[in-house]
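A.B. asks: Please read through the structure below; I'll follow up with questions.
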């Protein structure tokens with residue numbers, strides 16, 4: 188994660204260098220890149236204000252190809268940690284059955300989708316249980332997640348925080364920041380945490 | 441072929457699916473596939489090639505001329521091997537252009553054609569063909585059996601590659617996705633779909649880029665790289681990117697560079 192490659196040292200100020208062919212490739216400055224992306228998306232579609240973002244964390248993760256030097260890593264982690272909001276009632280466990288539906292649902296949020304409740308799409312990247320064979324491999328298997336952690340309440344709280352903002356644990360994680368962006372609702376986050384931590388959930392069977 | 445394997449796999453694993461219907465649908469799709477793969481001439485993508493050939497030679501637009509005077513980089517009217525060297529820099533516009541941008545430029549300047557209509561019909565659907573998809577299928581097919589070669593000899597081409605690379609790693613919007621999220625590791629998959637690694641030169645990039653344009657069975661349409669990138673930005677939960685924008689061409693050049701040396705066989709047929 189924090190290995191410093193040559194290309195990282197070449198990153199001076201706003202100048203960005205790609206790692207491959209860096210010697211003979213021109214530098215693209217942030218302004219030029221902004222101009223290009225502005226032309227790709229000249230206006231914000233109605234209702235998309237909260238969906239569009241290129242925040243400080245996204246910018247630095249892009250710039251360093253998700254491989255931050257230690258100082259930046261610590262800075263991002265602190266910043267993301269500060270965004271995590273736990274439920275007001277202090278309960279992080281909802282209904283695992285609803286959680287399983289949310290984990291299986293990969294719909295919602297695209298420019299061809301009608302307004303709907305977004306799915307968490309966890310199976311796209313994770314094996315969650317032994318019974319669903321259609322799962323992706325971008326993330327680690329979560330089979331027995333709660334059981335392996337002895338269903339400890341503080342572990343469940345940590346998992347809620349992870350799903351709320353993956354980067355509060357691992358800056359530049361591949362996993363979307365579901366709560367931070369408001370992509371999933373608080374209830375969905377609770378249900379998903381229950382999917383991982385309820386002893387009756389297929390995850391722990 | 442990779443896609444084909446993913447499909448075959450989903451069928452073998454079908455029994456464990458949460459919804460049996462899913463397995464049945466996959467089986468049906470696969471059967472359709474098998475039939476088409478066994479006979480390349482039944483690939484509906486070749487209908488686009490035939491229509492594209494007609495469109496290329498047809499006198500149209502305010503100037504009532506054909507596209508035959510259009511220079512795709514190899515000289516006016518020269519089609520053989522042109523697609524294998526695109527996107528590239530064109531001195532007359534001072535820009536790096538992909539095939540679709542270049543075709544639109546020729547329609548505008550040579551033919552005086554109403555390209556607003558062409559752009560409106562950029563993606564074919566039931567009851568509406570796309571001139572662009574037809575022309576790209578026809579022209580790309582003239583590079584079948586040839587290898588991609590984009591030496592990036594012009595500074596603007598180098599710049600476009602570098603921009604494409606930045607865009608590939610650019611994380612944005614409310615799922616924090618970039619192309620690299622799904623295409624920067626070997627042998628990964630999302631659900632059961634295999635993900636090609638596209639951030640380095642090699643077989644994955646070659647097999648991928650050498651098979652576009654492609655007839656997509658799931659959409660019953662022949663699609664170009666412009667559409668594939670549109671579809672990936674859709675999956676990324678980004679807003680719709682502007683068709684023929686500079687960024688899409690830069691990304692395409694980045695991808696073609698990773699595919700350099702890869703053989704083109706198009707139109708192919710895919711899921």
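Chains as they are written, first to last, in this note's numbering: chain B, 188 to 392; chain H, 441 to 711.
We put the beta carbon where it would ideally sit given N, CA and C, even for glycine.
Here the structure is a predicted model, which is why all the values come from computation and not from measurement.
(1) When you compare only the Cα positions, how much space is there between residue 590(H) and residue 646(H)?
(2) Use the C-beta contact count for residue 515(H): other C-beta atoms within 10 angstroms, 16 or more gives buried, fewer gives exposed.
(3) Where do the N-terminal and C-terminal ends of the beta strand (DSSP E) with residue 630(H) fall, by residue?
(4) Shorter than 7 Å from the beta carbon of residue 662(H) to some beta carbon of chain B?
(5) How is residue 453(H) classed by DSSP in three states: helix, strand or coil?
(6) What is the DSSP secondary structure of residue 288(B), counted as helix, strand or coil?
(7) Using the C-alpha atoms, what's the distance from residue 293(B) back to residue 266(B)?
(8) Residue 355(B) and residue 268(B): beta carbons closer than 7 Å?
(9) From the DSSP output, which residues share a beta bridge with residue 565(H)?
(10) Could you tell me which chain H residues have their CB closer than 8 Å to the CB of residue 283(B), listed as they occur along the chain?
(11) If you drop the 5 nearest sequence neighbours on each side, which residues of the same chain put their C-beta closer than 8 Å to that of residue 280(B)?
(12) What residue range is occupied by the uninterrupted alpha helix (DSSP H) comprising residue 663(H)?
(13) Judging by CA-CA distance, which residue of 341(B), 273(B), 311(B), 239(B) is the nearest neighbour of residue 366(B)?
(14) Roughly how many angstroms separate the alpha carbons of residue 638(H) and residue 609(H), rounded to a whole number?
(15) To test your reading of the DSSP string, which unbroken alpha helix (DSSP H) runs of 4 or more residues are found completely within the segment 231-282 of chain B?
(16) Among all the DSSP beta bridges, which residues are the ones paired with residue 709(H)?
(17) With which residues is residue 537(H) paired in a DSSP beta bridge?
(18) Using 8 Å for Cβ pairs, my map puts residue 564(H) next to residue 661(H). What's the rounded Cβ distance?
(19) Which residues, taken in chain order from the segment 584-614 of chain H, show a beta carbon closer than 8 Å to some beta carbon of chain B?
(20) Contact defined as beta carbons within less than 8 Å: I believe residue 363(B) pairs with residue 616(H). What is the distance between those atoms, to the nearest angstrom?
C.D. replies: Taking the geometry as given:
(1) 13 Å
(2) exposed
(3) 628-630
(4) no
(5) Since pLDDT at residue 453(H) reaches only 36, below the 50 mark, its modelled position is unreliable, and the value read off the structure follows with that caveat. Looking at residue 453(H) - three-state DSSP - the assignment turns out to be helix.
(6) helix
(7) 28 Å
(8) yes
(9) 568(H)
(10) Near residue 283(B) there are no residues of chain H at all, since even the closest Cβ is about 15 Å away, more than 8 Å.
(11) 343, 377, 380, 381, 384, 385
(12) Unbroken run through residue 663(H) is the beta strand (DSSP E), 661-663; no alpha helix (DSSP H).
(13) 273(B)
(14) 11 Å
(15) 243-250, 257-268
(16) 655(H)
(17) 528(H)
(18) 5 Å
(19) 595, 598, 599, 601, 602, 603, 605, 606, 607, 609, 610, 611, 612, 613, 614
(20) 5 Å
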